[in-house]
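First up is the structure itself, then whatever we jot down about it.
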């Protein structure tokens with residue numbers, strides 16, 4: 485519906501590849517709709533250095549070998565040995581420093597992804613994070629965990 489939003493949180497986003505990939509996938513879907521909802525991807529990590537890299541949206545050619553040539557030209561600009569995410573995709577992703585165990589969560593989310601984080605937390609911390617995700621998701625929202633997560 486006009487005025488609606490699709491809100492996604494990529495928790496523990498590292499250097500941003502997953503967040504940008506999700507923004508690209510959602511943009512592909514937007515392009516199929518007459519009146520697409522606004523897409524907002526919130527991507528957070530505890531490591532400020534990783535967030536700084538993610539905000540640049542520039543990746544070595546060797547890091548994007550699984551992307552098709554049409555998608556490369558649609559979503560990236562080549563710059564020497566790097567590919568930079570084009571501005572319309574970068575504008576959909578908001579990167580921020582965030583400690584999952586200490587800082588308040590985002591809210592009214594349609595999807596949360598959290599990969600390769602819970603395996604490093606004890607059971608009590610895992611439960612705390614999962615409870616926070618439950619609170620942050622809209623009813624019917626989606627939570628995607630990594631295949632190695634055992635929470």
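Numbering (the numbering used here), first residue to last: 485 to 635. Glycine included, each C-beta is placed from N, C-alpha and C at the ideal position.
Closest by C-alpha distance to residue i, when choosing among the options
| i | options | result |
| --- | --- | --- |
| residue 565 | 552, 547, 559 and 573 | 547 |
| residue 621 | 523, 567, 595 and 609 | 595 |
| residue 628 | 568, 489, 502 and 517 | 502 |
| residue 583 | 531, 545 and 626 | 531 |
| residue 539 | 545, 516, 504 and 514 | 504 |
| residue 543 | 513, 500, 577 and 581 | 500 |
First and last residue of the uninterrupted beta strand (DSSP E) at residue i
| i | result |
| --- | --- |
| residue 568 | 566-569 |
| residue 594 | 593-598 |
| residue 621 | 621-629 |
| residue 518 | Unbroken run through residue 518: none, as it is neither H nor E. |
| residue 604 | Premise fails: residue 604 is in no beta strand (DSSP E) and is neither H nor E. |
| residue 544 | 542-544 |
N- and C-terminal bounds of the alpha helix (DSSP H) containing residue i
| i | result |
| --- | --- |
| residue 499 | Element bounds for residue 499: n/a, residue is neither H nor E. |
| residue 581 | Segment 577-581 is the beta strand (DSSP E) holding residue 581; no alpha helix (DSSP H) there. |
| residue 557 | 553-559 |
C-beta atoms of residue i and residue j nearer than 8 angstroms
| i | j | result |
| --- | --- | --- |
| residue 506 | residue 525 | yes |
| residue 491 | residue 593 | yes |
| residue 597 | residue 494 | yes |
| residue 630 | residue 600 | yes |
| residue 611 | residue 579 | no |
| residue 489 | residue 520 | no |
query: Taking contact to mean at least 3 C-beta pairs separated by less than 8 angstroms, is the stretch 615-625 in contact with the stretch 552-563?
result: Two segments are said to touch when three or more pairs of C-beta atoms, one from each, lie closer than 8 angstroms; by this definition the stretch 615-625 does not touch the stretch 552-563.
- prompt: Are the stretch 550-557 and the stretch 581-590 in contact at 8 angstroms, needing three or more beta carbon pairs?
  reply: no
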